[in-house]
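Heads up: the sequence lines are chains A and B, in that order.
With UniProt numbering, you'll find the first sequence wraps up at 810, consecutive numbering, no jumps.
With UniProt numbering, you'll find the second sequence wraps up at 567, consecutive numbering, no jumps.
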Amino acid sequence: MESISRISSLLETARDLTLEAARDAGPRKSTRPLPAQQIKKLLDSRTEREVLDGLRRVIAMQYANPPQPTLTFFPAVLKTLSNPYPSTRPLVYNYLIHHAEADPDTALLSINTIQKSLSDSNPRVRAMALKTMAGIRVPVISQIVSLAIKKGVSDLSPIVRKAAALACVKCVRLDASTKPQVEEYIATLLTDKQYYVAGAAVQAFMEVCPDRLDLVHPAYRKLCRMIADMDEWGQLALLRLMTVYARRCFPRRTKTVKRAQTREAKAKDFYEDLEPGAEESEAEYDEIEQIEPDLALFLKAVQPLLQSRNSAVIVSVARAYLYLSPTNYLHHAVGPLIALLRSPQDIQQVALCNIVQVCLCNPQHFVPYYRHFLIHSTEASQIWRLKLEVLTLIFPFCGKDVQHLILAELEHFSHGHNVDLVRESVRAIGRCAQSSDAATSRRCLSLLLKQIHSPDQHLVGEAMEVVRHLIQRSPDEHRKTVVRLAKNLDSLTSPTARASIVWLVGEFAGYEPDDNIAADVLRILVRGYADEDDQVRAQIVLLAAKVYLHYLNAKNGKQKAIDALDGPDDGEKRDKEVMSPTEDDDEGFREDAFGHSGPIQQAEQQLEEQQHAIELLYQHTMLLARYTPSYDLRDRARLFRALLSVPSSTELASLLLLAPKPVPQAPSPSESRKNFALGSASLVVGAEAGISGVKGYEPIPDWVLEGREPDAKLRDDGDGKAEYVPASQRAAVSAGQMLDEALQADPGYKSNGGVKKEKTLDDWLDEEEEETSSKDSEERSGDEEGDRETEEESEYETDSEEDEKAGLVR
Amino acid sequence: MSAIEALYVFDEHNNLILNHTYDSRPPPPSVLLPLYLQHGSPRPSLIYLPSTSPPTLLYSMIQDNLLFLSPLSTDTEPLLVLEFLHRVADALEEFLGSPLLASKITANYDVVAQVVAEIADGGVPCQGEANALRDVVETGPGVLNNLLGKVGLPGGSAPALQGGPSGRLQAPQLRPAETAQGSAVPWRRSNVRHTSNELYVDLVETLSVTLAPSGRPLSAFAYGSIAFTAKVSGVPDLLLGLSTGGKGSGMGNRGDQLRGVMERVVFHPCVRLNRWNSDGVMSFVPPDGRFALCGYEVDLLGADSPLTAGKTAANNLNLPAMVEITTCLGSNGSDFEVRITQPSSSSHRAGSAAAASLQSNLGTGSRPGSFRAGSGGGGGGGESKGPALENLTVHVPLPTGVRNISDMRPSKGEAHWSPADGRVEWKVPSRDFGGPGGAVLRCTIQGPLADGNDGAGGMLNGDTATTYDYTDDEPATYQSQHGSSSHSHASTNGAHESGRRRLARYKELMPTSAMLSFGLKGWLASGLRVESLLVDTKKSRGVGPEVKPYKGVKYLTVSRDGIEVRC
């Protein structure tokens, strides 16, 4: 996340314009295109300068946009390989890799020269040759490449070994049948004691055979110890490998301290898995995650990586902690994750996705960092969306004043100009309300109700939606609120909000039938039906249906009660009902119900003649709906009419219209991608990629079952194993060869004894002391010599001397 | 899978300037670019394109106006790819100079081709350090450099003038591609020679401050980076000591204090973490040239500052300039006012912290006091007289409903309204800035509902026709506005009501925040200071005791829309 080019752009005005920069970019020969003939002439020239110039022009043509044809120069370019000028090599190789596929036959002509370079005295030349050879995409040469890698694997120079490790990847890509051989090479390289070779080997391992975990056992401890010194890319590959390795090789164990050490069953582990954040409860239960020493070694070893400048490394460490030991280590990774928020925007966005993912599992850890998630008005939508989400996730765990601040913050943004931001912040308030206690929840609700009078349509609509959700969550508390909302129908203009309120009124139409506003609301709304928006109309029609249904239900209920009371006397009337189930009939029952009170009966009788007001309202609404332009609405009306056509049989209609609605849950938006592994691309892409994620996505494997794990002893002989593998391999060849190879490999053997630990940089720099000790040991091996050369070279030791040594060994 | 498949670079006009394919057959840039541009700006850094064949994850990064794209067909750690793209930009900058320009890339395809090929071998990223690439990339412009015996080496005209023990320097010079074993330090190229030895430390802090309408700070962070420039022959081992400038005193030893101030630190791999953790000093062997040594952040409010801290807390931040915004002013409520002031406390402070440089005393003798303020230090221009405020700019974003700013009256500097960005930009020349009143900008907003004689009447009716049907509570408003085509008419007929209504309308069009940008040399918001920079002659290789590098320190605080005031 720290990148010098970013700092440079900050310094732009105060830039320390060095002469160096000017000189490097310095005046170059103009690259105006030359005719092909002339370029060929340059390539054929005998002077280094002209050849170089020619090659530059060819490369420039190859990269130019639109690309110019450069294939015609192939023979001429290859010919320059015979020149003794090493400065031309990189360009020739570049050209070769680029064009080999297009003209494999010509490309093969170069193999011989490259093979010669493989035994050059200069390790850099050897490495470059190996790299190039593996890069030539001509499948015929896969065996030659494989042999070259084999040679490279046992090279004395770590540079060449690193190149060999990376060549493994290309070799398998070239020809999958070489995979078994290549796996052997990788196994050897994994145990290399030079950290950057091991790093490259791990990268190759992850590319070629990530499932061959058996190759890792002997190198496990060594790799863990070396991880801090590897380069970032090696670290990344190793972190990925070890996370999988640990899940596959270390069964999850917990123990309860109070009781005698009983190992918990897998079921218990499973429970733990579901609640990774049970940190404080752990203290009560005295249940401790038992970490195998080997796993602890890894978890400890990666801790320094949290101070890496590479954001991917930090997220990878967080992933290892989250999936391997959430209780004991995860909190270490939280601060560094927060640090990613200061990185450039592109990284920030991806980092936030990962932070949200960790936050979903463990919100408490993020509470102290709430200030980091406050939104800036200049931020991109991808970023504030995620920040809002974090704020709502940590909201229930915050103290009172912080909650207050967050709500104030959300309120501020709900008054903003950005429609999306308004919507999201109102939704965020809703999420805060549903996840917190009653008092806070009420405060959120009143905050939202205040918004209803805002002139901003979007805000009102969104706020109403959220209010509706909140009311639905606890309907009994909110009957009054609904009445208050219904009063707002007079002034509200936002269609979404109106629709929400009308729906709510409909839902509450069944409460307190004697004192219900639903019918009255319907009466008022129907008057303005023509001016309403379609979604409001739909709700009005629905409201009419519900009100009518409640009316029918009440009536039928009474009818039943009367039936039960009256018994057989009623049979006659029931017959009547069956025969002609008309409205008048129902009215007839009603008359009976109130039969004993004179004046009311009179009134009822009058009503009976004109039909009840609710019926009239319902019929009127259905008529309105029938002539609505929206066909969807007409369809709905038809449905309701059919449902309610038989007033006495309302069971089906009740089932459909009055079904208890599920309590709406507004999950955190990222909840949908919670199953994706931290740090994967699928996590960032989210639902778009489908359930199984983007192609190539691999979920974190489950913990291995107790008893199924590989034997821990496999990791013990880590140092010895390095010798066994090649030895057993050699057993098959003839004795003479064996002798030769043994001689060749001998120094390598002894070096294992000679060097007691890997050389970190500090060791190298503290070499003064070590020098004496290593001189003491008689068997200073050739390989170590190689290392020493590396050291000495920076002390301006001559190269020729070192070449001599290399020659001697060979 | 973590292999990069291809790298495409486009210039600011979206012309392809670099197309390098590492592996397999990713969709060509001509297909990807339109799909990328489809997304509204600012574009996400990872876009999933299911419509391409194969379905592609498209990573993007913008640096110095260049657009870097990298398509991938399989699930890879997104941050790995993005970091890789940043490293490519860094490496190109190392070789081509900063800032990175499209013309530099097109003129140096040979170098660029080698850099992108070396930084990832067959798509597997394998070299993150730009400086180490110098060993393998052939940059020499031709024989000329080779005659001088050195290629691509800064100050290459006369090698081996200074440096360590003489005997070793007689060794024949090697060109990079020939350098045998490579450097023992993976991030430093081998055989570094400089005629003049120099060390520069640049501390840059970016401010991110949010102020509530009341003026109390909601959050205040300084994001710091230390850019280090090392031009020393051999393999120097350096020791950089920082001091907190009094902050966090009483928190144990210096290392603890420093770690208390510098939070969430990240380091270049060269820094020895255990030295930092034990002593609070940075001990490292630097790469040659310029690199980002470390990044940190400082919570300017302090970790546990009370939330109820009042306006005084804002003053405690010691910002060189403060901004306030007041809305709904004027008779119509259509004006807003932005005021920037210079807090009195910041003028005298940090005067001595101007760009300091020092010619170090003999070898080890650098003590805290030995950094003296001097002129012409650090390679900057004349910033010797104290912190210099530069590029003072205020941005006021306005909602899309604002049609025009009819009147802008800055008391100092220039202001202009750009409808495309939807914001007012106000630049105040730093020499004008200052004085007791600060500077004031007053703007009048014209929205679509602006009354007046500019033909907004029809729009007004059209816009409100449906709106007013349900505003039963304010029937008078409807009547009065409906009939009014001029201000005078409205004022006679229900002036109060219409005024209230108009106020509400304008309130919707008012800005909700203002952002302040500036650059300030010679001052750091965190108060950090470089205390010492030593060359450890014992541990260094090829650096003789007589080598006394020139040392320069520079402090810079930058706010890029970083101070945000809400209203």
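Each residue gets a CB set at the ideal place from its N, CA and C atoms; glycine is no exception.
Remember, predicted model here, so these are calculated numbers, not experimental data.
Problem - Alpha carbon of Ala321/B to alpha carbon of Leu524/B, nearest angstrom - result: The residue labelled residue 321/B in the question sits at position 321 within the second sequence. The residue labelled residue 524/B in the question sits at position 524 within the second sequence. So the alpha carbons of these two residues sit roughly 14 Å apart.
Handout entry: DSSP state of Glu414/B mapped onto helix, strand, coil
Key = Reading the second sequence from its first residue, position 414 is the one you call residue 414/B. Glu414/B: strand per DSSP, three-state reduction.
Exercise for the section: Compute the Euclidean distance between the alpha carbons of Tyr109/B and Leu91/A, then round it to the nearest angstrom. Expected result: Along the second sequence, one-based indexing puts residue 109/B at 109. Along the first sequence, one-based indexing puts residue 91/A at 91. Straight-line Cα distance between these residues: approximately 10 Å.
Practice task
Compare the C-beta of Trp233/A against all C-beta atoms of chain B and say whether one is closer than 9 Å.
Solution key: Sequence index remark: in the first sequence, residue 233/A carries index 233 (1-based). Judged by the 9 Å Cβ criterion, Trp233/A is in contact with chain B.
Practice task
Using beta-carbon positions only, say whether Ala666/A and His469/A come within less than 9 Å of one another.
Solution key: Position 666 of the first sequence holds residue 666/A. Position 469 of the first sequence holds residue 469/A. Contact flag set, yes.
Practice task
For the segment 200–215 of chain B, enumerate the residues whose C-beta is nearer than 9 Å to any C-beta of chain A, in chain order.
Solution key: Tyr200, Asp202, Val204, Thr206, Ser208, Thr210, Ala212, Pro213
Exercise for the section: Kindly say whether Gln357/A, judged by its beta-carbon, lies nearer than 9 Å to any beta-carbon of chain B. Expected result: Against the first sequence, residue 357/A aligns to sequence position 357. No, because no Cβ of chain B sits closer than 9 Å to the Cβ of Gln357/A.
Exercise for the section: Might you give, ordered along the chain, the residues of its own chain that have their beta carbon closer than 8 Å to the beta carbon of Glu414/B, omitting 5 neighbours on each side? Expected result: Counted from its first residue, the second sequence places residue 414/B at position 414. Same-chain partners within the cutoff: Trp426, Lys427.
Handout entry: Members of the segment 79–93 of chain B that neighbour chain A once the beta carbon cut-off is set at 9 Å
Key = Leu79, Leu80, Val81, Leu82, Glu83, Phe84, Leu85, His86, Arg87, Ala89, Asp90, Leu92, Glu93
Practice task
Can you grab the Cα-Cα spacing for the pair Tyr511/A / Val684/A, in whole Å?
Solution key: Numbered from its first residue, the first sequence carries residue 511/A at position 511. Numbered from its first residue, the first sequence carries residue 684/A at position 684. Going by the C-alpha atoms only, they are around 46 Å apart.
Handout entry: Residues that Asn94/A contacts on chain B, provided the C-beta gap is smaller than 7 Å
Key = Stepping through the first sequence from its first residue, residue 94/A is reached at position 94. Correct list: Ala113, Gln114, Ala117.
Handout entry: Distance, Val302/A Cα to Lys193/A Cα
Key = If you number the first sequence from 1, residue 193/A lands on position 193. If you number the first sequence from 1, residue 302/A lands on position 302. Whole-angstrom Cα-Cα distance: 18 Å.
Practice task
Count the CB pairs spanning the segment 234–247 of chain B and the segment 44–62 of chain A that are closer than 8 Å, and state whether there are at least three.
Solution key: The segment 234–247 of chain B is not in contact with the segment 44–62 of chain A.
Problem - Every unbroken alpha helix (DSSP H) inside the segment 54–107 of chain B [4 residues or more] - result: 78–96, 102–107
Exercise for the section: Answer with yes or no whether the minimum CB distance from Val77/A to chain B is below 9 Å. Expected result: Indexing the first sequence from 1 puts residue 77/A at position 77. So, not an interface residue.
Problem - Sequence-distant residues of its chain with Cβ nearer than 7 Å to Asp335/B (five each side left out) - result: On the second sequence, position 335 is the one that residue 335/B refers to. Taken in chain order, the residues that qualify are Leu329, Arg442, Cys443, Thr444.
Exercise for the section: Could you tell me how far apart the beta carbons of Thr327/A and Glu289/A are, in whole angstroms, since I believe they sit closer than 8 Å? Expected result: Against the first sequence, residue 327/A aligns to sequence position 327. Against the first sequence, residue 289/A aligns to sequence position 289. For Thr327/A against Glu289/A, the beta-carbon gap comes to about 5 Å, under 8 Å, which counts as contact.
Problem - Neighbouring residues, chain B, relative to Val536/A (Cβ below 8 Å) - result: Within the first sequence, the letter at position 536 stands for residue 536/A. What Val536/A touches in chain B: nothing, since even the nearest Cβ is about 11 Å away.
Exercise for the section: List the residues of chain B that Leu695/A touches, going by C-beta distances under 8 Å, in chain order. Expected result: Counting from one through the first sequence, the residue named residue 695/A turns up at place 695. Strictly speaking, residue 695/A in this sequence is Lys, with Leu absent from that position. Result: Pro54, Pro55, Ser73, Thr74, Asp75.
Exercise for the section: Could you tell me if Glu688/A is buried or exposed, where buried requires 16 or more neighbouring beta carbons within 10 angstroms of its beta carbon? Expected result: On the first sequence, residue 688/A is found 688 positions in, with the first residue counted as 1. It is exposed - the Cβ of Glu688/A has fewer than 16 other Cβ atoms within 10 Å.
Handout entry: Whole-angstrom distance between Tyr506/B and Thr492/B, CA atom to CA atom
Key = Stepping through the second sequence from its first residue, residue 492/B is reached at position 492. Stepping through the second sequence from its first residue, residue 506/B is reached at position 506. The predicted position of Thr492/B is uncertain, since its pLDDT is 47 and thus under 50; a value taken from the coordinates is nonetheless stated next. Each residue's alpha carbon lies about 21 Å from the other.
Practice task
Check each residue of the segment 29–63 of chain A: if its Cβ is closer than 8 Å to any Cβ of chain B, include it; give the result in chain order.
Solution key: Lys29, Thr31, Thr47, Glu48, Arg49, Leu52, Asp53, Leu55, Arg56, Ile59, Ala60, Gln62, Tyr63
Problem - chain A contact residues for Leu218/B, given Cβ-Cβ distances below 8 Å - result: If you number the second sequence from 1, residue 218/B lands on position 218. Going along chain A in sequence order, the residues near Leu218/B (Cβ under 8 Å) are Arg371, Leu374, Leu405, Glu409.
Handout entry: N- and C-terminal bounds of the beta strand (DSSP E) containing Met322/B
Key = As a first step, residue 322/B must be located in the second sequence, where it is residue number 322. Counted as a single uninterrupted DSSP element, the beta strand (DSSP E) harbouring Met322/B occupies residues 322–329.
Practice task
Would you check if the segment 42–56 of chain B and the segment 692–709 of chain A touch, i.e. whether three or more CB-CB distances between them fall below 8 Å?
Solution key: yes
Handout entry: Through-space distance from Leu46/B to Asp346/A, alpha-carbon basis
Key = Counting from 1 along the first sequence, the entry for residue 346/A is found at position 346. Counting from 1 along the second sequence, the entry for residue 46/B is found at position 46. If I take the Cα positions, the gap works out to 8 Å.
Problem - Selected residue, minimal CA-CA separation from Ile540/A, among His620/A, Thr70/A, Asp476/A - result: Here residue 540/A is taken as the residue at index 540 of the first sequence, counted from 1. Cα-wise, what sits closest to Ile540/A is His620/A.
Practice task
Report the option in Leu341/A, His612/A, Ile314/A whose CA atom is closest to the CA atom of His332/A.
Solution key: The residue you call residue 332/A lines up with position 332 of the first sequence. The shortest Cα separation from His332/A among Leu341/A, His612/A, Ile314/A belongs to Ile314/A.
Practice task
Please confirm if Arg161/A has its CB atom under 9 Å from at least one CB of chain B.
Solution key: The residue labelled residue 161/A in the question sits at position 161 within the first sequence. False, the Cβ-Cβ gap to chain B never drops below 9 Å.
Practice task
Report yes if the C-beta distance between His453/A and Asp561/B is below 9 Å; otherwise report no.
Solution key: Within the first sequence, the letter at position 453 stands for residue 453/A. Within the second sequence, the letter at position 561 stands for residue 561/B. No, these two residues do not count as a Cβ contact at 9 Å.
Problem - Residue-level contact to chain A via CB, Pro545/B, 9 Å cutoff - result: Stepping through the second sequence from its first residue, residue 545/B is reached at position 545. No, no contact with chain A.
Practice task
Could you say which of Ala659/A, Ile691/A, Leu658/A, Lys661/A lies nearest to Lys674/A if we only look at CA atoms?
Solution key: By one-based count along the first sequence, residue 674/A stands at place 674. The option with the nearest alpha carbon to Lys674/A is Ile691/A.
Exercise for the section: Verify the CB distance criterion: does Met206/A have a CB-CB separation below 9 Å to chain B? Expected result: Within the first sequence, numbered from 1, the residue matching residue 206/A stands at position 206. Cβ-Cβ to chain B under 9 Å: yes for Met206/A.
Handout entry: Euclidean distance between Cα positions of His404/A and Leu360/A
Key = By one-based count along the first sequence, residue 404/A stands at place 404. By one-based count along the first sequence, residue 360/A stands at place 360. Each residue's alpha carbon lies about 22 Å from the other.
Practice task
Spell out the partners DSSP gives Gln446/B in its beta bridges.
Solution key: For the purposes of this step, residue 446/B is taken as residue 446 along the second sequence, with counting starting at 1. Partner(s): Asn404/B.
Handout entry: Cβ separation of Leu145/A and Met128/A, assumed to be a contact under 8 Å, to the nearest whole Å
Key = For this step, residue 145/A is matched to residue 145 along the first sequence. For this step, residue 128/A is matched to residue 128 along the first sequence. Rather than Leu, the amino acid found at residue 145/A in this sequence is Val. The Cβ separation is near 14 Å, so there is no contact.
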